[in-house]
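Numbering (the UniProt record's numbering), first residue to last: 1 to 388. No residue lacks a Cβ here, since even glycine has one placed at the ideal position from N, Cα and C. Read through the structure below, which is laid out as structure tokens, and then see the notes.
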Amino acid sequence: MDGQGLFYRDTWVEVDLDCIAENVQQMRKYLSNDVELMAVVKANAYGHGDVQVAETALKEGASYLAVAFMDEAIALRQKGIVAPILVLGASRPEDVNIAAQHQITLTIFQLDWLEKARKLLNQNANVTIHIKLDTGMGRIGIKEKKELQALESIMLEDSRFKIEGMYTHFATADEPNNNLFYNQQLERFRTMISWLDAMPRMIHASNSAGAMKGANAHFNAIRFGIGMYGLTPSLEMEPHLPFPLKEAFSLHSRLIHVKQISKGETISYGATYEAKEDEWIGTLPIGYADGWIRKLQGQEVIINGIRVPIVGRICMDQCMIKLPFKVDVGTVVTLIGSQGDEKVSVNEIAQRLDTINYEIPCIISDRVPRIYKRDGRAVELKNSVLTF
């Protein structure tokens with residue numbers, strides 16, 4: 001696919017579903033057969049496309065999906081996804097009947113929530129529950145034995161609530177040199193599990209980082225998030241990965257204007273860039289409203305296999321690049337991804353912005369269309385918004 005399809009601008013994201021598939025396959029092989037793989041597709045699958053990634057992951061061995069909010073789970077149901085879906089974040093007790101209607105699994109971490117939800121849940125309704133434990137992340141989760149046992153007691157007495165799982169989240173699993181706190185959380189989790197009278201079917205603690213550290217925290221399910229997209233949980237973990245990851249996300253645009261400027265001429269707002277000689281300048285139809293933010297001024301992109309810099313301030317909808325020579329309007333420019341022997345990785349952009357790779361695909365806005373590829377070709381997927 002060359003970036004032309006059912007959209008009307010010359011900037012697009014390509015998501016290589018073969019990479020998603022291979023990452024899931026590799027993780028599935030790495031896990032024991034009795035360990036379930038839960039594919040995390042929150043935030044529109046980290047900006048990659050929720051239903052497209054969900055369908056791919058389920059086909060390759062995931063048995064469960066996870067999202068952040070109930071809105072995301074309902075959106076997947078409306079797109080035809082029937083697999084189990086866990087909401088990892090908070091839900092309102094007032095919405096418990098909606099969860100039951102759509103067969104969405106909820107996370108609970110407050111006794112007050114359960115008491116309110118019991119009064120509101122229809123008598124003939126059922127809702128599946130995972131209990132979140134705070135073992136040191138300090139975000140959400142139950143910490144006290146008394147509250148956990150009270151939650152379990154109420155749900156064992158009320159058949160409308162099914163305790164299917166219990167889980168926690170590691171704060172430092174992606175830090176190979178900080179195993180002390182990781183091990184403390186793991187032991188705390190094991191202790192809290194022992195507080196229950198009845199063991200839930202699913203016990204899960206590991207995200208991608210925890211899962212790739214080894215089997216000691218796999219229990220009988222893991223949550224595969226950032227690694228599924230081919231991105232390492234941290235740069236420090238790259239030398240320690242148990243299998244290679246394939247990056248699925250790339251970002252491309254086309255030159256919409258090419259001009260030659262003279263020495264001393266300036267480019268963009270604030271006239272922050274001044275040509276030191278006669279130069280060729282190209283304009284791209286992407287800017288900070290697309291998530292290609294102003295701090296990326298000076299970042300290199302790739303054209304004709306050559307890395308060139310962004311010059312001048314990035315505008316809301318456009319940015320300019322310094323060309324090595326006159327290049328035709330319509331030439332493809334790669335902002336993230338490979339072209340020829342050159343590559344701009346998601347990690348490179350993250351380092352430029354002094355952030356983590358998780359953030360980069362998430363901030364490329366929905367107004368940038370996504371193209372889904374298999375075997376190097378754009379594909380039409382069931383329930384996809386874009387088809388080619």
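Cβ-Cβ separation, residue j to residue i (assumed contact under 8 Å), whole Å
i    : j    : result
H204 : R188 : Actually they are not in contact, since the Cβ atoms of H204 and R188 sit about 15 Å apart, beyond 8 Å.
M199 : V24  : Incorrect: roughly 27 Å between the Cβ atoms, too far for contact.
R313 : G282 : Contact flag wrong, Cβ pair sits at about 16 Å.
E247 : V327 : Between V327 and E247 the Cβ distance is about 26 Å, and since that is not below 8 Å, they are no contact.
M137 : A171 : 5 Å
I363 : C319 : 15 Å between Cβ atoms; not a contact.
V15  : K373 : 7 Å
V35  : N183 : Wrong, their Cβ atoms sit about 20 Å apart, outside the cutoff.
L76  : A54  : 6 Å
A62  : K42  : The Cβ separation is near 14 Å, so there is no contact.
W280 : Q260 : 5 Å
S32  : A217 : In fact, because the Cβ distance is near 13 Å, the residues do not count as touching under 8 Å.
T107 : G89  : 7 Å
E164 : R118 : 17 Å between Cβ atoms; not a contact.
Sequence-distant residues of its chain with Cβ nearer than 6 Å to residue i (five each side left out)
i    : result
G337 : S250
A83  : L58, L65
L335 : L251, V301
K29  : none
T135 : T168, Q185, R188, F189
G230 : C19, N23, L245, K246, E247, A248
I360 : V346, I349, A350
R352 : Q299
E60  : A21, V24, Q25
Per DSSP, the bridge partner or partners of residue i
i    : result
C319 : L284
H252 : W12, T334
T266 : E274
T107 : H130
A90  : None, per the DSSP bridge assignment.
P239 : Beta-bridge pairing links P239 to no other residue.
K326 : According to DSSP, which records beta bridges pairwise, K326 is partnered with nothing at all.
I85  : L65
I74  : None, per the DSSP bridge assignment.
V301 : V308
V344 : G337
A221 : E36, H204
A378 : K373
E279 : I261
Limits of the beta strand (DSSP E) - the one that residue i falls within
i    : result
M228 : Counting along the chain, M228 falls outside any beta strand (DSSP E), and DSSP gives it neither H nor E.
G165 : 161-167
I203 : 202-204
Y358 : Where Y358 is concerned, there is no enclosing beta strand (DSSP E), given that its DSSP letter is neither H nor E.
M38  : 36-40
A66  : 64-67
Q260 : 257-261
I371 : 370-374
Test: residue i CB closer than 9 Å to a CB of chain B
i    : result
M320 : Chain labels in this structure do not include chain B; a single protein chain is all it has.
Run of the alpha helix (DSSP H) containing residue i, from where it starts to where it stops
i           : result
P309        : Element bounds for P309: not the alpha helix (DSSP H) but the beta strand (DSSP E), 306-311.
R139        : Segment: none, R139 is in no alpha helix (DSSP H) and carries neither H nor E.
N216        : That residue, N216, is in no alpha helix (DSSP H); it is neither H nor E in DSSP.
Q123        : Neither: Q123 is in no alpha helix (DSSP H) and is coded neither H nor E.
M27         : 17-30
M194        : Per the sequence shown, residue 194 should be read as Ser rather than Met. Careful: S194 lies outside any alpha helix (DSSP H) and carries neither H nor E.
residue 396 : It is not possible to answer for residue 396, since the shown part of the chain is limited to 1 through 388.
M155        : 145-157
T172        : Note, T172: premise wrong, no alpha helix (DSSP H); not H, not E.
Same chain only: Cβ atoms within 8 Å of residue i, ignoring 5 sequence neighbours per side
i           : result
residue 401 : Residue 401 lies beyond the range of the chain shown here (1 to 388); nothing can be said about it.
D2          : Because the pLDDT at D2 is just 48, under 50, the model does not fix this residue reliably, and the point stays unresolved.
E277        : K263
N97         : L120, L121, N122, A125
D366        : N44
D375        : D18
V258        : W280, I281, G282, T283, L323, K326, V327, D328, V329
M102        : Per the sequence presented here, residue 102 reads as His, with Met not at that position. Correct list, in chain order: A73, I74, R77.
Own chain, CB closer than 7 Å to residue i, minus 5 neighbours either side, in chain order
i    : result
N383 : In this predicted model, N383 has a pLDDT of only 42, less than 50, meaning its place in the structure is not dependable enough to derive any value.
D197 : E152
W195 : K145, L148, Q149
L235 : N347
F161 : V127, I129, M155
R254 : G3, D10, G330, T331, V332, V333
G141 : F109, K132, L133, D134, T168
F243 : Q26, Y30
Y273 : T266, I267, V311, G312
Y288 : R294, I314, M316
Distance cut-off 8 Å: residue i Cβ against heavy atoms of the ligand NAD
i    : result
Q351 : You won't find the ligand NAD in this model; it holds no ligand whatsoever.
Touching by the beta-carbon criterion (3+ pairs, under 8 Å), the segment 88-96 and the segment 107-114: Yes, the segment 88-96 touches the segment 107-114.
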